[in-house]
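Participant: Counting from 1, position 106 in the first sequence corresponds to residue 292 in the numbering used here; the numbering is continuous, with no gaps.
Beta carbons are placed, not taken as given, at the ideal position from N, Cα and C, and that holds for glycine.
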Amino acid sequence: MPELPEVETTRRLLAPAVEGRTMLEVEVRHPRTARRHLNPNDVVDRLTGRLVLRLDRLGKFILGELDSDLTWVVHLGMSGRFDIARPGEAEEKHTHFVARTDAGAEVRFIDPRTFGFVAVFTPAELASELRLGRDALVDLPRSPQLHARLSGRKAPIKSLLLDQRLVAGLGNIYADEVLFRAGVRPTRLGAEVSPAEVAKLRRAIGPILKAGIAAGGTSLSTFGYRSPEGRTGEYRGRLHAYGREGEPCHRCGTPIERIVIGGRSSFYCPECQT
DNA sequence: CCTCCATCCTGTGGGC
DNA sequence: TGCCCACAGGATGGAG
187 MPELPEVETT RRLLAPAVEG RTMLEVEVRH PRTARRHLNP NDVVDRLTGR LVLRLDRLGK
247 FILGELDSDL TWVVHLGMSG RFDIARPGEA EEKHTHFVAR TDAGAEVRFI DPRTFGFVAV
307 FTPAELASEL RLGRDALVDL PRSPQLHARL SGRKAPIKSL LLDQRLVAGL GNIYADEVLF
367 RAGVRPTRLG AEVSPAEVAK LRRAIGPILK AGIAAGGTSL STFGYRSPEG RTGEYRGRLH
427 AYGREGEPCH RCGTPIERIV IGGRSSFYCP ECQT
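1) In the DSSP assignment, the beta strand (DSSP E) including F303 goes from what residue to what residue?
2) Kindly give me the distance between the Cβ atoms of Y360 and I394, rounded to whole angstroms, as I take these residues to be in contact under 8 Å.
3) Any idea if L224 is buried or exposed, counting beta-carbon neighbours within 10 angstroms, 16 or more meaning buried?
4) Taking C-beta to C-beta, are I516 and P414 nearer than 8 Å?
5) Can you name the start and end residues of the beta strand (DSSP E) that H261 belongs to?
6) How is A390 classed by DSSP in three states: helix, strand or coil?
7) Looking at the strands, I want to know which residues DSSP matches up with R320.
8) Quick check: I373 and I447, are their CB atoms within less than 8 Å of each other?
9) Check for me: the alpha helix (DSSP H) holding F366 runs from which residue to which?
10) Which value, in whole angstroms, describes the spacing of the CA atoms of E311 and C458?
11) Determine the closest residue to L425 out of V353, S407, G416, F366, with distance taken between C-alpha atoms.
12) Please report the Cβ distance between F247 and V259, rounded to the nearest whole angstrom; I am assuming they are in contact, meaning their Cβ atoms lie under 8 Å.
13) Quick check on Q331: buried or exposed, where buried means 16 or more other Cβ atoms within 10 Å of its Cβ?
14) Starting from T208, follow its DSSP beta bridges and name the residues at the other end.
15) I need the straight-line Cα distance from D362 to R236, nearest angstrom please.
16) Does the Cβ-Cβ distance between G376 and A400 come in under 8 Å?
17) What is the residue span of the alpha helix (DSSP H) that R335 lies within?
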């Protein structure tokens, strides 16, 4: 569910509740939420009593720098979100992780599908567990470098954009939007994308992600993404490709088509994207 | 290393 | 109204 803009929206709203705060009474309520650890108790043991110095983001991962050598790591998966509440306030279903801070707030992680996780990693674990390319928003490689990484690749460009080792942060919605803006068809093989097209793709990424963040992310339904304030994102109304099968292309009027690539729905304009 | 595919879950919405 | 099915914003590990 959440891609870079939703994760960044979450990070920005969560930061004031945790930065400079000490984590007390940490609870992991669902074993799957701590599954990145051999021993799920590691999350509680390593986080309890720790001060969160800073909340960062790399791709779709939220990274909390602690006052130990460890890093608090959260991935929202498909359905994860945070809620900042007061102790005793009614709890949402599927609350799988709770940490009370020294400010008296309760940071709650809610994740119905349990594809998300919470971890606390050593530097070595961080390096081995998170195999990520550079961040799509703040650290995007130059296009010659991207072109070099695509050369020889036989996979469709859509799948490559989703590969977090190439560039970290794009997901199914924003990858389709980037391809639309660049005029590149999602089925094109990586090796067949010209340097000029790679440059167009690269130039599309920043503005789209920034617009997504400015809109507070994309919520596909009222049950989709919600920020820590409980708000849905407004970017859905600005989508040009994703979810618009049969609707007229905003640029040329041709109906948007839907195909499946690598098991993921992909939407594109058969006229504008070649 | 690369590519493809199944898998982990719960909830929703559409069709009948 | 209920039932069944397809589908959903992701990442990973194994097979070939």
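Facilitator: Reading off the structure:
1) By one-based count along the first sequence, residue 303 stands at place 117. Segment 303-307, the beta strand (DSSP E) holding F303.
2) Your numbering for residue 360 matches position 174 in the first sequence. Your numbering for residue 394 matches position 208 in the first sequence. Their Cβ separation, rounded to whole angstroms, is 6 Å, which keeps Y360 and I394 in contact under 8 Å.
3) If you number the first sequence from 1, residue 224 lands on position 38. Classification of L224: exposed, given that the 10 Å Cβ count is below 16.
4) This structure cannot speak to residue 516, because the chain is shown only from 187 to 460.
5) Start at 1 with the first residue of the first sequence, and residue 261 comes out as number 75. Counting along the chain, the beta strand (DSSP E) containing H261 begins and ends at 257-261.
6) What you label residue 390 is simply residue 204 of the first sequence in a count that begins at 1. Of the three classes helix, strand and coil, the one that applies to A390 here is helix, per DSSP.
7) One-based indexing of the first sequence puts residue 320 at position 134. V353.
8) Within the first sequence, numbered from 1, the residue matching residue 373 stands at position 187. Within the first sequence, numbered from 1, the residue matching residue 447 stands at position 261. Note that residue 373 is Thr in the sequence shown here, rather than Ile. Their beta carbons are under 8 Å apart, which means T373 touches I447 by this criterion.
9) Within the first sequence, the letter at position 180 stands for residue 366. Counting along the chain, the alpha helix (DSSP H) containing F366 begins and ends at 358-368.
10) Against the first sequence, residue 311 aligns to sequence position 125. Against the first sequence, residue 458 aligns to sequence position 272. Answer to the nearest angstrom: the Cα atoms are 44 Å apart.
11) In the first sequence, residue 425 corresponds to position 239, counting from 1. Among V353, S407, G416, F366, the Cα nearest to that of L425 belongs to F366.
12) Position 61 of the first sequence, counted from the start, is the residue given in the question as residue 247. Position 73 of the first sequence, counted from the start, is the residue given in the question as residue 259. Their Cβ separation, rounded to whole angstroms, is 6 Å, which keeps F247 and V259 in contact under 8 Å.
13) The residue given as residue 331 occupies position 145 in the first sequence. Per the 10 Å Cβ criterion, exposed.
14) Counting from one through the first sequence, the residue named residue 208 turns up at place 22. DSSP, once it has assigned bridges, lists L237 as partnering T208.
15) By 1-based counting over the first sequence, the position of residue 362 is 176. By 1-based counting over the first sequence, the position of residue 236 is 50. C-alpha separation (whole angstroms): 40 Å.
16) Translated into positions along the first sequence, residue 376 becomes position 190. Translated into positions along the first sequence, residue 400 becomes position 214. Not a contact, by the Cβ cut-off of 8 Å.
17) In the first sequence, residue 335 corresponds to position 149, counting from 1. Note, R335: alpha helix (DSSP H), 329-336.
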